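Visitor: Take this structure, written in structure tokens, and hold onto it; I'll ask about it next.
There are 2 protein chains.
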Amino acid sequence: MLDEREDAYGAVVRDHHAGEEPVEIIERDDGWIGVSAGAGLYFAEYEDWSGHERAGIDRAEGRVLDVGCGAGRVGLYLQDRGHEVVGIDVSPGAVEVSRDRGLDARGLDAADARDLDGEFDTVVMYGNNFGLVGTRATAPRILGGLAAVTSDDARILAATRDPYATDEPAHTEYHDFNRERGRLGGALRIRTRYGRRATPWFDYLMVSPAEMREVLAPTAWELHEVVEPNALDGSGGYVADVRKA
Amino acid sequence: MLDEREDAYGAVVRDHHAGEEPVEIIERDDGWIGVSAGAGLYFAEYEDWSGHERAGIDRAEGRVLDVGCGAGRVGLYLQDRGHEVVGIDVSPGAVEVSRDRGLDARGLDAADARDLDGEFDTVVMYGNNFGLVGTRATAPRILGGLAAVTSDDARILAATRDPYATDEPAHTEYHDFNRERGRLGGALRIRTRYGRRATPWFDYLMVSPAEMREVLAPTAWELHEVVEPNALDGSGGYVADVRKA
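Residue numbers (UniProt numbering), protein chains in the order written: chain A, 1 to 245; chain B, 1 to 245.
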């Protein structure tokens with residue numbers, strides 16, 4: 001769990017929930033800096049989700065684990081449709097807000113998912129949260145934990161973004177920089193900043209479908225299908241329906 | 001002059017001028033980070049200036065030096081009203097844009113103002129650009145340079161913000177931090193970031209009227225009058241009419 005001074009993301013969620021207009025800043029380890037797409041997205045209603053996220057969510061079945069639940073956007077939607085949902089997040093601010101909004105949210109790192117009780121039928125990793133597997137190296141442990149707490153026919157609805165759907169030099173040069181240091185091109189190392197708060201630097205992986213297959217290969221999981229519609233020719237965003245191999 | 005990779009501010013000005021919507025990030029040396037009030041302000045028409053800036057500009061006389069001219073907002077306004085105006089800025093991007101908009105802009109640091117030819121009757125330091133004097137320690141040299149290129153009855157129209165017009169702990173604690181290291185409370189040390197560009201860290205001074213008097217004391221200048229209306233009870237913004245002592 002992040003401490004108060006580290007929980008920049010949670011403070012953004014909490015302040016937006018309180019009616020303010022926080023601006024979340026993302027810093028990348030090559031010196032690039034920018035603002036996130038906006039705290040409002042963490043609270044977006046289903047109608048305002050991307051087309052691929054709307055299409056993918058229809059594949060949720062049974063008891064659901066929402067990994068990186070944030071403000072509860074996805075978990076609350078599924079709960080309203082009758083699913084039993086547990087959300088986990090390392091951000092105390094996010095846990096506080098999603099609980100306040102009615103989600104059973106727990107303060108837990110994705111890497112510790114095996115500590116959860118009971119069995120889940122669906123894992124949602126929305127808002128690009130497949131990225132929470134970290135890197136190609138750390139993914140097997142996290143995906144193993146998710147395998148341990150899920151049923152045999154469970155699925156992961158894994159949202160990510162093909163990092164190569166850009167020709168912006170700031171980003172394509174970052175992909176090269178990553179490859180030179182033995183990482184996948186879209187293996188982001190970032191931190192979130194807000195006022196005087198800054199999260200520790202963390203790994204957040206963006207992958208093409210081919211790379212997702214590579215990341216899943218040493219795990220219990222495989223890429224069953226890329227959900228249509230996807231934005232692989234545009235923004236690069238897509239949802240992968242991941243099943244046990 | 002800043003080099004291309006350092007000219008974050010100039011890239012923001014240039015991209016806004018090109019019709020984009022750049023977001024400029026300001027980082028302070030206590031770890032605080034946030035976004036600037038917006039690139040649009042650098043291009044604001046007179047009608048959208050603050051009340052104190054509108055009131056202060058009526059005091060401009062004769063030949064004008066616009067220090068930190070940015071996108072040319074103030075210099076172009078005065079030029080349109082018949083003044084001969086020279087703008088200076090350390091940002092190549094700002095110089096490029098303000099020249100493109102019709103201002104005689106030069107790539108020059110405020111500290112090198114004495115290199116300018118001819119005599120000025122008015123110096124404008126708008127958009128809080130009194131801050132370009134840096135610190136209490138560096139101010140005499142910069143203000144001395146401005147004294148050297150101005151007429152005997154010249155004035156500086158110095159915009160700044162009383163830094164104490166806030167009860168936000170992030171800011172009041174920064175004032176304490178500054179005093180502990182022998183600086184005025186509002187002696188900001190900041191840098192501007194945009195994408196992969198970052199300016200060097202620089203000093204940018206915000207002062208109350210009493211502190212401005214203290215900063216001016218060892219110079220050829222004195223605070224003649226705080227222009228009404230001022231926002232000393234609100235945002236803290238004000239324009240000082242500074243004359244030779």
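Idealized CB from N, CA, C, for every residue including glycine.
Nothing here was measured: the structure is a model prediction, and the numbers come from that model.
(1) Counting only beta-carbon atoms, is Arg191(B) nearer than 8 Å to chain A?
(2) Using a Cβ cut-off of 8 Å, which residues of the region 19-31 of chain A contact any Cβ in chain B, in chain order?
(3) For the region 158-179 of chain A, which residues have a CB atom closer than 7 Å to at least one CB atom of chain B, in sequence order?
(4) Within a Cβ cutoff of 6 Å, which residues of the same chain sit near Asp203(B), ignoring the five residues on either side of it in sequence?
(5) In chain B, what lies closer than 9 Å to Ala198(A) by C-beta?
(6) Name, going along the chain, the residues of the region 128-145 of chain B whose beta-carbon falls closer than 9 Å to a beta-carbon of chain A.
(7) Kindly indicate if chain A contains any beta-carbon less than 8 Å away from that of Gly185(B).
(8) Run through chain A and tell me which residues come within less than 8 Å of Gly195(B), C-beta to C-beta.
(9) Determine the direct distance from the alpha carbon of Val123(A) to that of Val67(A), and round the result to whole angstroms.
(10) Where in the region 60-92 of chain B do unbroken runs of the beta strand (DSSP E), each at least 3 residues long, occur, reported from the N-terminal end onward?
(11) Using 8 Å as the threshold, is the region 56-71 of chain A in touch with the region 21-33 of chain A, meaning 3 or more CB pairs across them?
(12) Quick one: complete alpha helix (DSSP H) runs, 4+ long, within the region 133-192 of chain B?
(13) On the DSSP bridge list, what partners appear for Arg197(A)?
(14) Using three-state DSSP, classify Leu108(B) as helix, strand or coil.
(15) Based on Cα-Cα distance, which residue from Val90(B), Met206(B), Ser151(B) lies nearest to Leu2(B)?
(16) Just to confirm the assignment, what range does the beta strand (DSSP E) spanning Gly237(B) have?
(17) Quick check: the region 109-126 of chain B against the region 153-170 of chain B, are at least 3 beta-carbon pairs closer than 8 Å?
(18) Which residue marks the beginning of the alpha helix (DSSP H) containing Asp203(A), and which one marks its end?
(19) Over the uninterrupted beta strand (DSSP E) stretch that includes Gly34(B), give me the two end residues.
(20) Pull up the CB-CB distance for Ala147(B) and Ala198(B), whole angstroms please, since I reckon it's below 8 Å.
(21) Looking at Tyr42(B): is its Cβ nearer than 8 Å to the Cβ of Tyr77(B)?
(22) Quick check on this structure: which residue in Arg28(B), Arg243(B), Ala8(B) has the alpha carbon closest to the alpha carbon of Leu205(B)?
(23) DSSP three-state label for Arg28(A), please.
(24) Have a look at Asp233(A), Thr192(A), Arg183(A), Glu180(A) and flag the residue whose alpha-carbon is nearest the alpha-carbon of Asp162(A).
(25) Whole-angstrom Cβ separation of Gly195(B) and Ala170(A), contact assumed at under 8 Å?
(26) Helix, strand or coil, according to DSSP, for Val227(B) in the structure here?
(27) What span of residues does the alpha helix (DSSP H) with Val23(A) cover, start to end?
(28) Looking at the unbroken alpha helix (DSSP H) that takes in Met125(A), where does it start and where does it end?
(29) Please go through the same chain and pick out, in chain order, the residues whose beta-carbon is closer than 6 Å to the beta-carbon of His83(B), but skip the five residues on each side of it.
(30) Taking C-alpha atoms, which residue in Tyr9(A), Val207(A), Asp80(A) lies nearest to Pro92(A)?
Guide: Result, derived from the coordinates:
(1) Position 191 of the second sequence, counted from the first residue, corresponds to residue 191(B). By the rule that beta-carbons nearer than 8 Å mark a contact, Arg191(B) does not touch chain A.
(2) Cβ contacts with chain B: Val23, Ile25, Asp30, Gly31.
(3) From the region 158-179 of chain A, only Ala170 have a Cβ closer than 7 Å to chain B.
(4) Locating residue 203(B) in the second sequence gives position 203, where the first residue counts as 1. Within its own chain, the residues whose Cβ lies closer than 6 Å to the Cβ of Asp203(B), once the five positions on either side in sequence are excluded, are Gly134, Thr135, Arg189, listed in chain order.
(5) As a position in the first sequence, residue 198(A) is number 198, starting the count at 1. Those within 9 Å of Ala198(A) in chain B are Gly31, Ile33.
(6) Of all residues in the region 128-145 of chain B, none places a beta-carbon less than 9 Å from a beta-carbon of chain A.
(7) Your numbering for residue 185(B) matches position 185 in the second sequence. Closer than 8 Å to the CB of Gly185(B) there is not a single CB belonging to chain A.
(8) Indexing the second sequence from 1 puts residue 195(B) at position 195. Chain A residues near Gly195(B): Trp32, Ile33, Gly34, Ala170.
(9) Position 67 of the first sequence, counted from the first residue, corresponds to residue 67(A). Position 123 of the first sequence, counted from the first residue, corresponds to residue 123(A). In this model, Val67(A) and Val123(A) are separated by some 7 Å (Cα to Cα).
(10) List check, beta strand (DSSP E) in window: 64-67, 85-89.
(11) Because the criterion of three Cβ pairs below 8 Å is not met, the region 56-71 of chain A and the region 21-33 of chain A do not touch.
(12) As for any alpha helix (DSSP H) of minimum length 4 sitting wholly inside the region 133-192 of chain B, the runs are 139-148, 169-180, ordered along the chain.
(13) Translated into positions along the first sequence, residue 197(A) becomes position 197. Answer by DSSP bridge pairing, in chain order: Tyr194(A).
(14) If you number the second sequence from 1, residue 108(B) lands on position 108. DSSP, read as helix, strand or coil, puts Leu108(B) in coil.
(15) Counting from one through the second sequence, the residue named residue 2(B) turns up at place 2. Ranking Val90(B), Met206(B), Ser151(B) by Cα distance to Leu2(B) puts Val90(B) first.
(16) Position 237 of the second sequence, counting from 1, holds the residue named residue 237(B). In the DSSP annotation of this structure, the continuous segment of the beta strand (DSSP E) that includes Gly237(B) starts and ends at 237-244.
(17) Yes: at least three Cβ pairs fall under 8 Å.
(18) For the purposes of this step, residue 203(A) is taken as the residue at position 203 of the first sequence. Careful: Asp203(A) lies outside any alpha helix (DSSP H), inside the beta strand (DSSP E) at 202-205.
(19) As a position in the second sequence, residue 34(B) is number 34, starting the count at 1. For Gly34(B), the enclosing beta strand (DSSP E) covers residues 33-35.
(20) If you number the second sequence from 1, residue 147(B) lands on position 147. If you number the second sequence from 1, residue 198(B) lands on position 198. Contact doesn't hold; Cβ gap of about 33 Å is too wide.
(21) The residue you call residue 42(B) lines up with position 42 of the second sequence. The residue you call residue 77(B) lines up with position 77 of the second sequence. It is not a contact, given that the beta carbons lie outside the stated cut-off.
(22) On the second sequence, position 205 is the one that residue 205(B) refers to. Here the closest residue by C-alpha is Arg28(B).
(23) The residue you call residue 28(A) lines up with position 28 of the first sequence. Strand.
(24) For the purposes of this step, residue 162(A) is taken as the residue at position 162 of the first sequence. Of all alpha-carbon atoms in Asp233(A), Thr192(A), Arg183(A), Glu180(A), the one lying nearest the alpha-carbon of Asp162(A) is that of Asp233(A).
(25) Counting from 1 along the second sequence, the entry for residue 195(B) is found at position 195. Counting from 1 along the first sequence, the entry for residue 170(A) is found at position 170. That belief holds up - the Cβ atoms of Gly195(B) and Ala170(A) are roughly 5 Å apart, short of 8 Å.
(26) By one-based count along the second sequence, residue 227(B) stands at place 227. In the three-state DSSP reduction, Val227(B) falls in the coil class, being neither helix nor strand.
(27) Here residue 23(A) refers to the residue found at position 23 of the first sequence. Per DSSP, Val23(A) lies in no alpha helix (DSSP H) and is assigned neither H nor E.
(28) The residue labelled residue 125(A) in the question sits at position 125 within the first sequence. In the DSSP annotation of this structure, Met125(A) is not part of any alpha helix (DSSP H); the continuous beta strand (DSSP E) holding it starts and ends at 120-125.
(29) As a working note, residue 83(B) is residue 83 in the second sequence. The beta carbon of His83(B) sits closer than 6 Å to the beta carbons of Val64 from its chain, once the five residues preceding and following it are set aside; these are given in chain order.
(30) Taking the first sequence and counting its residues from 1, one reaches residue 92(A) at position 92. Of the candidates Tyr9(A), Val207(A), Asp80(A), the one whose C-alpha sits nearest the C-alpha of Pro92(A) is Tyr9(A).
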